[in-house]
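Colleague:
Numbering (this note's numbering), first residue to last: 7 to 911.
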């Protein structure tokens with residue numbers, strides 16, 4: 007068995023179709039004990055970042071002062087940029103006040119005019135502009151092409167959304183330059199400062215080009231640090247307690263206006279990110295001597311730590327900005343100077359975060375606070391003491407960090423794009439067709455997770471999304487949805503899961519509901535919660551399902567180790583997950599090759615190897631039992647002792663090994679193209695009680711034939727004894743029966759039970775049968791003549807018997823009587839009741855017919871959802887009303903727009 011599984015590992019490791027040329031990474035197996043489990047997977051639990059996505063982060067948008075800006079390496083040429091023209095004109099004319107609102111209105115009018123000429127034009131021309139510290143632009147899209155849409159959606163398009171124009175970060179720099187000493191300029195610069203300081207990237211100078219390159223611990227930090235560098239805030243040096251920052255007040259193509267400022271910031275403390283904290287903070291001393299804490303993290307964490315403003319702040323400021331909507335905090339006058347306070351900025355930023363998440367972007371919220379010396383000194387003392395602890399260091403540091411990360415003020419927000427890996431939607435669709443349920447467990451926002459779910463086909467266009475929150479009555483929902491047949495997807499966040507797991511009854515209801523649904527999306531989930539879901543499904547369904555967890559980072563290790571099968575992605579977050587897993591691949595799309603081909607082949611091969619081993623042992627040793635009928639059960643052996651001991655190793659080992667290593671009931675391309683063939687492993691159709699008894703009954707019938715046919719041809723029975731006059735010597739009879747066993751077992755396993763007859767099948771069959779005769783020839787000559795301790799007359803018997811026609815006639819008749827009926831039964835079975843596998847085996851002989859079958863088989867029946875029946879919509883409304891009546895204060899089922907209703911998407 008171990009040899010079989012080692013060979014299967016070799017095939018997995020050397021499969022060129024699972025080799026990633028870009029990263030020079032092949033698939034790798036780290037275990038040989040669960041190869042067959044790969045062919046029986048029912049649930050796939052997957053991470054998102056780095057697993058479904060490339061983990062290549064590109065900074066796309068930011069929100070500062072209630073206005074969002076789009077960042078792109080391709081910007082405006084200065085001579086065609088209307089914003090710069092307006093600002094230049096404003097600097098020469100002081101009669102009329104220029105505001106951001108008027109700028110946006112002008113850009114809006116310009117874009118409307120452009121749209122009349124060409125509806126496909128962007129707001130900002132995509133011609134490149136020369137800027138220092140910029141990098142080459144890359145066309146990048148996070149959302150993969152939808153199966154129903156003709157083209158992919160790219161964040162690169164800068165369109166007018168409604169009545170609001172999207173400004174670029176080049177516009178932001180222009181505004182900062184031409185609107186000095188304004189609250190907007192101060193807030194925007196402070197946000198860029200926070201972006202450049204609140205990370206742990208280490209700068210390195212390229213010796214060839216002289217450019218500064220950042221070494222980052224995560225792709226997010228790398229993207230943010232490079233964006234800050236693009237916008238003029240470059241870290242030139244980082245030492246143990248100091249960061250040197252070069253600030254360029256740079257406007258491209260404007261001579262004599264480049265101002266470079268070098269400043270040093272003392273880094274006092276770094277409060278590191280963890281999956282539990284979901285944030286990181288940097289405490290630094292500014293050049294003016296003040297101590298400031300910069301904090302970035304998930305919005306669900308940062309918003310809870312913002313300073314509560316019950317009334318308008320005393321330092322409310324008037325800032326030239328347009329929110330794009332009507333707001334009570336704005337005053338419309340001739341100059342269009344809009345007034346806002348911190349509460350308004352917070353509301354606008356939250357709205358922008360929601361818009362970013364809907365577009366599938368990863369969002370981070372920035373906040374800050376100034377710390378007085380009197381507060382910092384005692385806190386820092388506690389922090390240093392906790393840093394020196396040997397036990398519970400991490401927990402103590404998190405506890406102390408909570409003391410200082412409070413009463414924060416909102417700084418801004420960022421949105422980063424992560425490209426979806428190639429082939430992810432197609433792979434998930436095939437997994438669903440194979441009967442595998444996919445659960446996505448991610449730390450992103452709810453809206454981002456739903457958007458990614460749509461992009462990678464976890465959520466379908468007509469899916470019914472069940473949004474579970476803290477106050478959702480799961481028991482009622484589970485009862486109402488008991489008989490639903492629509493494609494249902496559960497969306498739950500970490501906070502709701504934390505509350506659910508505290509009550510065993512509610513947790514059971516949640517698991518029952520999740521099992522009924524086609525997919526589950528868990529957002530804002532911690533590593534422990536990911537592992538909890540995997541463990542709960544394993545314990546709930548026990549031995550009836552096989553779970554698989556796949557991830558790429560250290561935060562996925564707990565989930566990977568909880569599942570029956572752990573898959574690691576050798577991505578850009580290191581090799582922690584890959585080294586802790588059972589198997590590793592470089593891309594999520596290779597999962598279908600690993601499961602549908604190697605997993606299924608391993609399951610079929612191990613099944614046939616086990617059945618073949620049991621068959622050959624039953625067939626051989628049962629002949630000994632049947633022979634006891636003629637020896638009064640005296641225990642007399644039919645076979646000589648050395649022949650008896652050599653049966654499993656020398657004469658029947660290779661056929662079962664060949665079928666266990668090389669058996670391919672269907673071709674590689676057929677298994678990839680038709681995912682439904684994977685279900686035979688989930689349903690145990692190759693190794694079950696019925697299959698087992700069919701093999702054992704066959705072995706019994708063969709054993710009876712092998713024993714009685716030679717005896718009948720060598721004499722006749724009298725009182726259950728062989729006639730003395732015509733009976734052969736016991737070794738001669740045993741040799742004849744042994745020869746029949748070797749022939750029948752070899753031919754039955756190598757040819758009747760194997761679909762593909764390869765050269766290995768022929769060679770091993772010849773070696774087994776030829777090896778038996780070679781053994782008899784050598785043994786017949788080498789056996790001592792004066793061995794009186796044995797009852798067998800061996801020397802020279804094979805040469806004497808082998809020359810007789812009766813010997814070969816008996817062997818031929820015995821093999822024919824044993825295998826021909828079995829062959830006829832197999833043909834009749836295939837004619838009367840053809841299995842799916844046998845059907846496609848026949849179809850593989852005609853490639854044109856097979857191609858048509860593949861096209862028909864891959865049509866997802868859910869894609870033909872009949873909207874005219876409207877039955878699901880009615881049920882959805884009934885569900886919503888029922889749950890609303892049960893608990894009017896809770897919103898239990900919503901659509902992807904989070905509008906409190908459940909509709910078909």
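Built from N, CA and C at the ideal position, the CB exists for glycine as well.
If you scan the stretch 732-779 from start to end, which runs of the alpha helix (DSSP H) of 4 or more residues do you find wholly inside it?
Modeller: List check, alpha helix (DSSP H) in window: 736-753.
Colleague: So what's residue 299 in DSSP terms, helix, strand or just coil?
Modeller: Counting from 1 along the chain shown, the entry for residue 299 is found at position 293. Reduced to three states, the DSSP call for residue 299 is strand.
Colleague: Here's a check: name, in chain order, each residue in its chain whose Cβ is nearer than 7 Å to the Cβ of residue 9, leaving out the five neighbours to either side.
Modeller: Locating residue 9 in the chain shown gives position 3, where the first residue counts as 1. Excluding residues within five positions, the ones whose Cβ falls inside 7 Å are 663.
Colleague: Grab the span of the beta strand (DSSP E) containing residue 374 for me, first residue to last.
Modeller: Indexing the chain shown from 1 puts residue 374 at position 368. Counting along the chain, the beta strand (DSSP E) containing residue 374 begins and ends at 368-377.
Colleague: Rounded to whole angstroms, how far is the Cβ of residue 197 from the Cβ of residue 372, which I believe are closer than 8 Å?
Modeller: Numbered from 1 along the chain shown, position 191 holds the residue referred to as residue 197. Numbered from 1 along the chain shown, position 366 holds the residue referred to as residue 372. Rounded, the Cβ-Cβ distance is 7 Å, consistent with contact.
Colleague: Along the chain, where does the alpha helix (DSSP H) containing residue 465 start, and where does it finish?
Modeller: Here residue 465 is taken as the residue at index 459 of the chain shown, counted from 1. From DSSP, residue 465 is part of no alpha helix (DSSP H); its letter is neither H nor E.
Colleague: Can you pull the DSSP bridge partners for residue 494?
Modeller: Numbered from its first residue, the chain shown carries residue 494 at position 488. Answer by DSSP bridge pairing, in chain order: 470.
Colleague: Considering just the uninterrupted stretch of the beta strand (DSSP E) at residue 50, what are its terminal residues?
Modeller: For this step, residue 50 is matched to residue 44 along the chain shown. Residues 49-52.
Colleague: On the DSSP letters alone, give me the boundaries of the alpha helix (DSSP H) that residue 61 sits inside.
Modeller: Sequence index remark: in the chain shown, residue 61 carries index 55 (1-based). Careful: residue 61 lies outside any alpha helix (DSSP H), inside the beta strand (DSSP E) at 59-70.
Colleague: Could you tell me the distance, in whole angstroms, from the CA atom of residue 741 to the CA atom of residue 813?
Modeller: Stepping through the chain shown from its first residue, residue 741 is reached at position 735. Stepping through the chain shown from its first residue, residue 813 is reached at position 807. Roughly 10 Å separates the two Cα atoms.
Colleague: So, is residue 768 buried or exposed, given that buried needs 16 or more other C-beta atoms within 10 angstroms?
Modeller: Residue 768 sits at position 762 when you count from the first residue of the chain shown. So residue 768 counts as exposed.
Colleague: With residue 600 and residue 589 assumed to form a contact (beta carbons below 8 Å), what rounded beta-carbon distance in angstroms separates them?
Modeller: Residue mapping note: residue 600 aligns to position 594 of the chain shown, counting from 1. Residue mapping note: residue 589 aligns to position 583 of the chain shown, counting from 1. Between residue 589 and residue 600 the Cβ distance is about 7 Å, and since that is below 8 Å, they are a contact.
Colleague: What distance in whole Å lies between the Cβ atoms of residue 632 and residue 51, which are believed to be in contact at a cut-off of 8 Å?
Modeller: What you label residue 51 is simply residue 45 of the chain shown in a count that begins at 1. What you label residue 632 is simply residue 626 of the chain shown in a count that begins at 1. Going by Cβ atoms, the distance from residue 51 to residue 632 rounds to 52 Å, so no, they are not a contact pair.
Colleague: Could you pull out every residue in the same chain whose Cβ sits closer than 7 Å to the Cβ of residue 912, ignoring the five residues on either side in sequence?
Modeller: Nothing about residue 912 can be read from this structure; the chain reaches only from 7 to 911.
Colleague: Rounded to the nearest angstrom, what separates residue 581 and residue 15 at their Cα positions?
Modeller: Walking along the chain shown from the start, residue 581 turns up at place 575. Walking along the chain shown from the start, residue 15 turns up at place 9. Taking the straight line from one Cα to the other gives about 20 Å.
Colleague: Cα separation between residue 623 and residue 789?
Modeller: By 1-based counting over the chain shown, the position of residue 623 is 617. By 1-based counting over the chain shown, the position of residue 789 is 783. Rounded to whole angstroms, residue 623 to residue 789 spans 27 Å at the Cα level.
Colleague: Under 8 Å between the Cβ atoms of residue 716 and residue 820?
Modeller: Along the chain shown, read from residue 1 onward, the residue named residue 716 stands at position 710. Along the chain shown, read from residue 1 onward, the residue named residue 820 stands at position 814. Yes; because the gap between Cβ atoms is below 8 Å, this pair is in contact.
Colleague: DSSP puts residue 209 in a beta bridge; with which residues?
Modeller: Position 203 of the chain shown, counting from 1, holds the residue named residue 209. Paired residues: 220.
Colleague: Residue 573 bridges to which residues according to DSSP?
Modeller: On the chain shown, residue 573 is found 567 positions in, with the first residue counted as 1. Residue 573 pairs with 556, 589.
Colleague: By DSSP, does residue 270 sit in helix, in strand, or in coil?
Modeller: One-based indexing of the chain shown puts residue 270 at position 264. The answer is strand: DSSP assigns residue 270 an E or B state.
Colleague: Measuring CB atoms only, is the stretch 360-374 touching the stretch 448-467, in the sense that at least three cross pairs come out at less than 8 Å?
Modeller: Flag = yes, the stretch 360-374 and the stretch 448-467 touch.
Colleague: Can you pull the DSSP bridge partners for residue 73?
Modeller: Locating residue 73 in the chain shown gives position 67, counting from the first residue. For residue 73, which the question treats as bridged, DSSP gives the partners 70.
Colleague: Mind checking which residues open and close the beta strand (DSSP E) that includes residue 239?
Modeller: Against the chain shown, residue 239 aligns to sequence position 233. 239-244 is the span of the beta strand (DSSP E), which, as asked, contains residue 239.
Colleague: Please name the residue, chosen from 78, 70, 69, 74, that lies closest to residue 63 on a Cα-to-Cα basis.
Modeller: As a first step, residue 63 is located in the chain shown; it is residue number 57 there, counting from the start. The shortest C-alpha separation from residue 63 is found at 78.
Colleague: Counting pairs of Cβ atoms below 8 Å between the stretch 680-696 and the stretch 597-616, do you hit three or more?
Modeller: Touching, yes.
Colleague: How long is the line joining the alpha carbons of residue 199 and residue 239, rounded to whole angstroms?
Modeller: One-based indexing of the chain shown puts residue 199 at position 193. One-based indexing of the chain shown puts residue 239 at position 233. The alpha-carbon atoms of residue 199 and residue 239 are separated by roughly 7 Å.
Colleague: Within the continuous alpha helix (DSSP H) that includes residue 310, where are the two ends?
Modeller: Residue numbering aside, residue 310 sits at position 304 when the chain shown is read from its first letter. Where residue 310 is concerned, there is no enclosing alpha helix (DSSP H), given that its DSSP letter is neither H nor E.
Colleague: Kindly indicate which three-state DSSP category residue 248 falls into: helix, strand or coil?
Modeller: The residue labelled residue 248 in the question sits at position 242 within the chain shown. In the structure shown, residue 248 sits in a strand (DSSP, three-state: E or B).
Colleague: Would you mind giving the Cβ-Cβ distance between residue 480 and residue 515, rounded to the nearest angstrom? I have them listed as a contact below 8 Å.
Modeller: Here residue 480 refers to the residue found at position 474 when the chain shown is read from its first residue. Here residue 515 refers to the residue found at position 509 when the chain shown is read from its first residue. Contact flag correct, Cβ pair sits at about 4 Å.
Colleague: Rounded to whole angstroms, what is the Cα-Cα separation between residue 830 and residue 836?
Modeller: For the purposes of this step, residue 830 is taken as residue 824 along the chain shown, with counting starting at 1. For the purposes of this step, residue 836 is taken as residue 830 along the chain shown, with counting starting at 1. Each residue's alpha carbon lies about 10 Å from the other.
Colleague: Quick check: the Cα distance between residue 560 and residue 205, rounded to an integer number of angstroms?
Modeller: Along the chain shown, one-based indexing puts residue 560 at 554. Along the chain shown, one-based indexing puts residue 205 at 199. One C-alpha to the other measures close to 19 Å.
Colleague: Quick check: the stretch 464-474 against the stretch 523-532, are at least 3 beta-carbon pairs closer than 8 Å?
Modeller: A contact exists between the stretch 523-532 and the stretch 464-474.
Colleague: Could you say which of 17, 194, 59 lies nearest to residue 72 if we only look at CA atoms?
Modeller: Here residue 72 refers to the residue found at position 66 when the chain shown is read from its first residue. Residue 72 has its Cα closest to that of 194, out of 17, 194, 59.
Colleague: Which partner residues of residue 424 appear in the DSSP bridge assignment?
Modeller: Here residue 424 corresponds to residue number 418 of the chain shown, with the count starting at 1. Residue 424 is bridged to 63.
Colleague: Within the continuous alpha helix (DSSP H) that includes residue 447, where are the two ends?
Modeller: Within the chain shown, numbered from 1, the residue matching residue 447 stands at position 441. That residue, residue 447, is in no alpha helix (DSSP H); its beta strand (DSSP E) goes 443-447.
Colleague: Can you look up residue 898 in the DSSP assignment and give me helix, strand or coil?
Modeller: Walking along the chain shown from the start, residue 898 turns up at place 892. Because the pLDDT at residue 898 is just 33, under 50, the model does not fix this residue reliably, and the value given afterwards should be weighed accordingly. Correct three-state label for residue 898: coil.
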